[in-house]
Structure formats: structure tokens, C-alpha cells
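J.:
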Amino acid sequence: MNVKKNFFQRTFNITVTLLMYSLFFLCLTIGLRLLQDLIANAQSTYLSHLFEAIKQWASKGEYYTKTLAILLPLIAAFIIIIELILRLLYDTPINYFKSAYQTIRLAQFLRQDENSQLAFSIDNSSTVTRFNPILRKFNRATSKCVVDVRKDSVTIVIKYPKTQQAQKLLRDMESYIKEEISSRNPDYYFSAPNRKGNKLWFKSTKR
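Using our numbering, read the sequence shown as starting at 280 and increasing by one per residue.
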């Protein structure tokens, strides 16, 4: 099995991260602009020097956050355009959007609830919520999964967690993962998963 990542598998999560940060910086830019408008409308002789210093700080911060809010989505768009061109040449562009959609759905399927409720009283009326660090490590690793849909194959890459308990949870889920991805791609036959390094690969061929 060829386990070398292609361009889509290497860049999809980078693109998502760039878009998420661009949204964050956009919101931060709007907040800094509102802060400057609020200070401009403030009337206070005693605090005028403080307000002016805050306004200058907010103005500089807005410049940098605005730059990042523009630059990051442009980089993401550039990566997406390259992938669409590659799909146009060697596959079909519609499969890019199928891949993105199925990647998001698989990440949702793999995600485990990190909090659990424990009952302490006899009638179960008293409970406490406990955080599970193993599930957090599991979620952090599997959230980087990628589903790559092509005309003649579907490939799924899931990052293996670092801890033994989280790895055991992923191994126990292998059959459920295969069932999930098979149900979304009924025209493809999936072979048994194969681990290579810290990645778990599911490979399929068209029926």
C-alpha cells in the first residue's frame, strides 16, 4: 500500500486552521475598531491621556489583526485553488468538496465526550462531572483525520494518539469506522485498515 500523503492530505487541515484563525482575527479587528470608536466618543478630561494611549494601542493592534485577517484567507484560497486545479487535471473538482464534507463528518463521528458524570448517592440524585484526559488526547489526534475521495478510490488517514489507552480506543473503533465510511461510499470496497508509523490508513477501490 502506498502510504505517502498527497497534496490534499497534507494541506487540508492547514487550510482549515488558516480559515479559523482568519475568522478569529476578523472578530478581533472588529472589536478593536469598536473600542476606538468608544474611546473617541468618551468625554473625560482626567482620563484623556489614558484614553489616547489605549486608542493608539488599539489602532496598532487593528492594523496587524486586519492584515492577518486578509492574508490568512488568501493563503487558504491559494492552497484550495491549487488543489482544485490538480483535481481538474487528474480527478474531478466535485470530489474536493465531497472529501471536505466527509472529513468533517468523520471527525464528528470520531469525537468522544471528554466529560463524564458520576453518581454518588443511592438514588443517583447527586452527580459530579469528571474530565477525562485520555479522551482529550484521543480527540486531539483524530480531529486531524482526512478523507480523500477520488474517482477510483477513497483513502482515509487518521493520526494515532500517543498514549496506550487512547490507541486502544482507536483500535476498538476500527470496525465502526470502516462501517461508517463504507456507508458513505457504497460504490467502493474497503480493505482492512493498515497502520504505518503514527497513521492509520483505510484504503478502498471502486467496485
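Note that beta-carbon positions come from the ideal geometry of N, C-alpha and C, so glycine has one too.
No experiment lies behind these values; they were computed from the predicted model shown.
Label I293 either buried or exposed according to how many other C-beta atoms from any shown protein chain fall within 10 Å of its C-beta, with 16 as the threshold for buried.
T.: Under this definition I293 is an exposed residue.
J.: Measure the alpha-carbon distance for A445 versus W336 and round it to whole angstroms.
T.: Straight-line Cα distance between these residues: approximately 45 Å.
J.: Going by alpha carbons, who is nearest to N418 out of K441, V426, S432?
T.: Looking at the Cα atoms, K441 is the closest of the given residues.
J.: Which residue comes first and which comes last in the beta strand (DSSP E) that contains Y467?
T.: Note, Y467: beta strand (DSSP E), 467 to 469.
J.: Let me make sure I understand the geometry here. Which of E453, C306, V425 has the alpha-carbon closest to that of A471?
T.: Of E453, C306, V425, the residue nearest in Cα terms is E453.
J.: Verify whether the separation of the beta carbon atoms of S301 and P372 is less than 9 Å.
T.: No, the Cβ-Cβ distance between S301 and P372 is not below 9 Å.
J.: Please list, in chain order, all residues of the same chain as R463 whose beta carbon is under 8 Å from its beta carbon, the five residues on each side excluded.
T.: Hits under 8 Å: Q381, R384.
J.: Mind reading off the beta-carbon distance from Q315 to V425? Whole number of angstroms is fine, and I expect it under 8 Å.
T.: About 41 Å separates the two Cβ atoms, so there is no contact after all.
J.: Could you check the C-alpha separation between L365 and I354 for me, to the nearest Å?
T.: Taking the straight line from one Cα to the other gives about 17 Å.
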